[in-house]
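Visitor: Here the numbering used here runs 175 ahead of the position in the sequence shown, where the first position is 1. Backbone N, C-alpha and C fix where the C-beta goes; we use that ideal spot for every residue, glycine too. Structure provided below as structure tokens; questions to follow.
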Amino acid sequence: MITNIPTPADYYTSGKELLNFAWDTTANLLIDFDQADYYGYDETEISDAYWAAAKRTLTTALTIVQQAVELIIKGRIVEVSPYLLISDSPSRWPSPYEGGAIDFELFRTIDAQDLIRVHDTFSDTAFDANFVEKFHNLRAVRNVVTHSAGKNVSVRVAEVIDSALYMHKALFPGESWFKIRREFLRRAPSSQLGAEEFATNTTCWEASIVVKLLPPAKVEAYLGIDKKQRLYLCPECLYDANTDGGFEHKLAVLRPKGPDSINLYCPVCDQTHSVVRKDCTKADCPGNVIGEEYDQCLTCSSWQDEEDEGES
Ligand SMILES: [Zn+2]
Ligand SMILES: [Zn+2]
């Protein structure tokens, strides 16, 4: 008998934790860099030196993305049967004759290089060629980084972000990464110190940087928004965020786009919110998309209390 048999969820949870770890280190670099201007530095002048200093962090993050993907693929294999993960011939398995059950962890499991093949052999649907190619590319980078110190490997920050988002979308097509990311931030150790209040701010900030960093087709694929379309504040995120220092992250798009459209999709909430189409009451604001529930303009964020205007 075997105990401690892993479930797909065990692997999915661990895989996403690693993905979040890689994301967190990479996103922190991007957020710090995004504040260069605020601290009085010219982004273009410091860019090369900044990213050169980040080289080790970026290559490590990429290897962690790869580890995350391997765990998630193991989860997919476990959906078919956990025993498919066992390698070696039966004569080399832990002995069943020494009394008691055998812990699953005592078995040697298959090598990472065989994961795709095992998955594609037994699963109803094989991974597509593009995914397999990306998986092998990531493995190659990881091998260089871990086995030869990776002195000559350098990856661009956009590559790490792209890899993490691509892999998440390929493995969990029904999920929005940014919704998952916000949940991680809400549960992060720093949330015990009050950072939970900023989970929406941070997530929306990261998403805004990604929208600037990646080309339109990738933004569309990973966030479900057309970056060439006009972007609005999300009413829920605006309500949830700490707005003491302002909140300007516009990530939501009208679905479908058009002057009569009353549905706004937000990739952080991963849902559509109802909006009202009427002109903003603030002078000079051209906005005409107003949150239904909280009556805030989603272009300039001002409240729509016409009656009180000018009286305070
Ligand atoms: Zn939102
Ligand atoms: Zn307005």
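#1: Short of 7 Å in beta carbon distance, which residues of its chain neighbour residue 402, apart from the five on each side in sequence? Order them along the chain.
#2: Compute the Euclidean distance between the alpha carbons of residue 468 and residue 351, then round it to the nearest angstrom.
#3: Is the region 188 to 200 close to the region 289 to 297, with three or more CB pairs under 8 Å?
#4: For residue 439, count neighbouring Cβ atoms within 10 angstroms of its own Cβ and tell me buried if that reaches 16, exposed if not.
#5: Flag this pair as yes or no: are the beta carbons of residue 388 and residue 336 separated by less than 8 Å?
#6: In the DSSP assignment, what are the bridge partners of residue 439?
#7: Considering only the beta carbon of each residue, do residue 238 and residue 317 sit closer than 8 Å?
#8: Give the straight-line distance between the Cα atoms of residue 266 and residue 277, rounded to the nearest whole angstrom.
#9: Can you give me the start and stop residues for the alpha helix (DSSP H) that residue 269 sits inside?
#10: Sorry if obvious, but does the Cβ on residue 508 come closer than 7 Å to a heavy atom of ligand 1?
#11: Using 7 Å as the cut-off, classify the Cβ of residue 412 as near or not near the heavy atoms of ligand 1, replying yes or no.
#12: Should residue 409 be listed as close to ligand 2, given that the test is whether its C-beta is under 7 Å from any heavy atom?
#13: Using a Cβ distance threshold of 8 Å, determine whether the region 244 to 264 contacts the region 277 to 286, with at least three qualifying pairs required.
#14: Given a cut-off of 8 Å on the beta-carbon distance, is the pair residue 424 and residue 380 in contact?
#15: Along the chain, where does the alpha helix (DSSP H) that runs through residue 336 open and close?
#16: On the CB-based measure, 16 or more other CB atoms within 10 Å of its CB, does residue 448 come out buried or exposed?
#17: Buried or exposed for residue 223, going by 16 or more other Cβ atoms inside 10 Å?
#18: Would you check whether ligand 1 has a heavy atom nearer than 7 Å to the C-beta of residue 444?
#19: Taking the alpha-carbon of residue 384 as reference, which of 338, 179 and 202 has the nearest alpha-carbon?
#20: I'd like to check one pair, residue 197 with residue 255: are the Cβ atoms closer than 8 Å?
#21: For residue 486, does the three-state DSSP call read helix, strand or coil?
#22: Once the 5 residues before and after residue 486 are set aside, which same chain residues still bring their CB inside 7 Å of it?
#23: Does the Cβ of residue 416 have 16 or more other Cβ atoms within 10 Å, making it buried, or fewer, making it exposed?
#24: Rounded to a whole number of angstroms, what is the C-alpha to C-alpha distance between residue 429 and residue 363?
#25: Quick one: is the Cβ of residue 441 within less than 7 Å of any heavy atom of ligand 1?
#26: Hey, residue 253 and residue 182 are a contact pair by Cβ (cut 8 Å); roughly how many whole angstroms apart?
#27: Within the structure, which residues are defined as neighbours of ligand 2 by a Cβ-heavy atom distance below 5 Å, reported in chain order?
#28: Apart from the five residues just before and just after residue 484, which ones in its own chain have a Cβ nearer than 7 Å to its Cβ?
#29: Specify, as a first and last residue, the run of the alpha helix (DSSP H) that residue 248 falls within.
Guide: Concretely, from the data shown:
#1: Taking the first residue of the sequence shown as position 1, residue 402 is located at position 227. For residue 402, where only same-chain residues beyond five positions count, the Cβ hits under 7 Å are 386, 391 and 394.
#2: On the sequence shown, residue 468 is found 293 positions in, with the first residue counted as 1. On the sequence shown, residue 351 is found 176 positions in, with the first residue counted as 1. Answer to the nearest angstrom: the Cα atoms are 23 Å apart.
#3: no
#4: Sequence index remark: in the sequence shown, residue 439 carries index 264 (1-based). Burial call: buried.
#5: Mapped onto the sequence shown, residue 388 falls at position 213. Mapped onto the sequence shown, residue 336 falls at position 161. Taking 8 Å as the Cβ cut-off, residue 388 and residue 336 qualify as a contacting pair.
#6: Locating residue 439 in the sequence shown gives position 264, where the first residue counts as 1. Per DSSP, 429 and 448.
#7: Reading the sequence shown from its first residue, position 63 is the one you call residue 238. Reading the sequence shown from its first residue, position 142 is the one you call residue 317. Yes, Cβ-Cβ distance for residue 238 and residue 317 is below 8 Å.
#8: As a first step, residue 266 must be located in the sequence shown, where it is residue number 91. As a first step, residue 277 must be located in the sequence shown, where it is residue number 102. Their backbone Cα atoms lie some 15 Å apart in a straight line.
#9: Along the sequence shown, read from residue 1 onward, the residue named residue 269 stands at position 94. Note, residue 269: premise wrong, no alpha helix (DSSP H); not H, not E.
#10: Missing from the structure shown is residue 508; the chain here goes from 176 to 487 and no further.
#11: As a first step, residue 412 must be located in the sequence shown, where it is residue number 237. Yes, Cβ of residue 412 sits closer than 7 Å to a heavy atom of ligand 1.
#12: For the purposes of this step, residue 409 is taken as the residue at position 234 of the sequence shown. No, the Cβ of residue 409 stays beyond 7 Å of every heavy atom of ligand 2.
#13: yes
#14: For the purposes of this step, residue 424 is taken as the residue at position 249 of the sequence shown. For the purposes of this step, residue 380 is taken as the residue at position 205 of the sequence shown. The answer is yes: Cβ separation under 8 Å.
#15: Taking the sequence shown and counting its residues from 1, one reaches residue 336 at position 161. Per DSSP, residue 336 belongs to the alpha helix (DSSP H) from 332 to 346.
#16: Taking the sequence shown and counting its residues from 1, the one referred to as residue 448 is at position 273. Residue 448 should be labelled buried.
#17: As a first step, residue 223 is located in the sequence shown; it is residue number 48 there, counting from the start. The residue in question, residue 223, is exposed, as its Cβ has fewer than 16 Cβ neighbours within 10 Å.
#18: For the purposes of this step, residue 444 is taken as residue 269 along the sequence shown, with counting starting at 1. Yes, the Cβ of residue 444 comes within 7 Å of a heavy atom of ligand 1.
#19: Residue numbering aside, residue 384 sits at position 209 when the sequence shown is read from its first letter. That would be 202, whose Cα lies nearest to the Cα of residue 384.
#20: The count along the sequence shown starts at 1 and reaches residue 255 at position 80. The count along the sequence shown starts at 1 and reaches residue 197 at position 22. No, the Cβ-Cβ distance between residue 255 and residue 197 is not below 8 Å.
#21: Locating residue 486 in the sequence shown gives position 311, where the first residue counts as 1. Any reading at residue 486 is ruled out, since the residue's pLDDT is 41, under 50, leaving its predicted position unreliable.
#22: For the purposes of this step, residue 486 is identified with residue 311 of the sequence shown, where counting begins at 1. Note that residue 486 scores a pLDDT of 41, beneath 50, so its modelled location is shaky; the value from the coordinates is reported in the next line. Cβ neighbours of residue 486 beyond the five flanking positions: none.
#23: What you label residue 416 is simply residue 241 of the sequence shown in a count that begins at 1. Flag for residue 416 reads buried.
#24: Here the question's residue 429 lines up with position 254 in the sequence shown. Here the question's residue 363 lines up with position 188 in the sequence shown. So the two alpha carbons sit approximately 32 Å from each other.
#25: Position 266 of the sequence shown, counting from 1, holds the residue named residue 441. Under cutoff, so the answer is yes.
#26: On the sequence shown, residue 253 is found 78 positions in, with the first residue counted as 1. On the sequence shown, residue 182 is found 7 positions in, with the first residue counted as 1. Contact holds; Cβ gap of about 7 Å.
#27: 455, 457, 460, 462, 472, 474 and 475
#28: What you label residue 484 is simply residue 309 of the sequence shown in a count that begins at 1. Unreliable positioning characterises residue 484 in this predicted model, as indicated by a pLDDT of 49, which lies under 50. The coordinate reading is nonetheless provided below. 456, listed in sequence order.
#29: As a first step, residue 248 is located in the sequence shown; it is residue number 73 there, counting from the start. Per DSSP, residue 248 belongs to the alpha helix (DSSP H) from 230 to 255.
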